[in-house]
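The numbers in the sequence shown follow the UniProt record's numbering, run straight up by one, and end at 239.
Beta carbons are placed, not taken as given, at the ideal position from N, Cα and C, and that holds for glycine.
Below: one structure, written as structure tokens.
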Amino acid sequence: MTCKSCLDIVERHASVRSFRPDPVDPKDLEKILEAARRAPTSWNLQPLTVTVVTDPMLRERLAEAVGGQKHVAEAPVFLVFSIDYHKVLEAARAAGVEPAEPGLGHLVIGALDAGIASGWAALAAEELGYGIVFIALYSNPCRIADILELPRHVLPIVGLCVGKPAETPEPRPRHPMEVFAAENRYPSSEGLTGKVASVYGQKAGKLYSYVLARGGYYERVGEALLQCMKERGYKPPVK
């Protein structure tokens with residue numbers, strides 16, 4: 001993969017939600033996983049694990065657990081990226097260290113590492129001609145963990161559908177560069193709100209209401225994560 005091809009892939013990226021039944025070539029899958037494995041990770045601790053889900057029945061159950069998103073069942077490969085302190089804590093004990101109970105800091109760092117790794121996997125998959133779509137698993141992580149029979153201290157955070165695309169969607173709009181980045185300071189507040197909201201057009205109110213309002217998606221995700229932290233052996237934040 002060349003830098004030029006990477007930039008081309010980023011420029012034309014669009015999430016694919018309809019897949020052909022063609023299998024993912026095992027050699028391609030190995031390259032995708034290797035890209036994820038080589039991704040940067042804090043302290044090189046690598047507190048993550050990828051579960052490669054190819055069993056159609058298992059994908060059906062996972063699709064149901066994430067709100068009936070049919071593309072999870074339809075894509076021939078579904079990669080589940082999990083925060084994994086199970087193997088890290090065991091390795092620490094084997095090295096003669098008694099580790100502290102993992103908490104919020106562990107979770108945040110693990111989520112960042114899993115997010116970076118999944119991004120690298122997505123880039124490799126698209127370079128190889130596959131379509132991808134990210135799936136949020138943090139809204140129902142314990143259900144995903146139960147389905148995959150994951151051990152304690154392993155918490156699913158993001159999924160990636162991989163397969164040959166059955167559609168060619170257009171890239172979705174992004175915030176203008178002047179509100180996305182600024183040199184040596186925060187972007188100018190002049191016209192900031194309008195420029196951000198304009199990306200979504202008439203759908204802005206509906207989007208913000210669903211995601212950001214009291215009782216909205218982000219609040220529900222927070223509650224689900226707090227509950228799953230307790231169930232999966234993570235120390236909850238002190239209130």
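Just to confirm my understanding: we take Asn-140, look at its own chain, exclude 5 residues before and 5 after, and list those with CB closer than 7 Å. What are they? Ala-65, Val-66, Ala-224
Own chain residues within Cβ distance below 7 Å of Arg-17, not counting five before or after: His-71, Val-133
Per DSSP, what are the beta-bridge partners of Cys-161 in this structure? Phe-78, Val-133
Along the chain, where does the beta strand (DSSP E) that runs through Val-97 open and close? Taken as a continuous stretch (DSSP letters only), Val-97 belongs to no beta strand (DSSP E), as it is neither H nor E.
Check whether the Cβ atoms of Gly-216 and Tyr-210 sit closer than 8 Å, and answer yes or no. yes
Thinking C-beta only, is Leu-48 closer than 8 Å to Asp-146? no
Whole angstroms is fine: what's the gap from Ala-117's alpha carbon to Ala-125's? 12 Å
Looking at the unbroken beta strand (DSSP E) that takes in Ala-193, where does it start and where does it end? It is worth fixing the name first, because residue 193 is Thr in this sequence and not Ala. Where Thr-193 is concerned, there is no enclosing beta strand (DSSP E), although the alpha helix (DSSP H) it sits in stretches over 192-198.
If I'm right that Ala-122 touches Arg-20 with Cβ under 8 Å, what's the distance once you round it to whole angstroms? Not quite, the Cβ-Cβ distance comes to about 18 Å (not below 8 Å), so this is no contact.
Compare the C-beta of Ala-166 against all C-beta atoms of chain B and say whether one is closer than 8 Å. Any reference to chain B falls outside this structure, which holds one protein chain only.
Starting from Thr-54, follow its DSSP beta bridges and name the residues at the other end. DSSP output for Thr-54 lists no bridge partner at all.
Do you know offhand how far Gly-115's Cα is from Gly-96's? 30 Å
Can you check which of these residues, Leu-107, Glu-170, Val-199, Ala-204, is closest to Gly-222 by C-alpha distance? Leu-107
Whole-angstrom distance between Leu-212 and Arg-152, CA atom to CA atom: 31 Å
When we look at the beta-carbon of Asp-84 and count the other beta-carbons within 10 Å, is it buried (16 or more) or exposed? buried
Since Asp-84 sits in a beta bridge, which residues does DSSP pair it with? Val-154
Once DSSP output is grouped into helix, strand and coil, what is the label at Leu-226? helix
If you follow the alpha helix (DSSP H) that Arg-37 is in, where does it begin and where does it stop? 26-37
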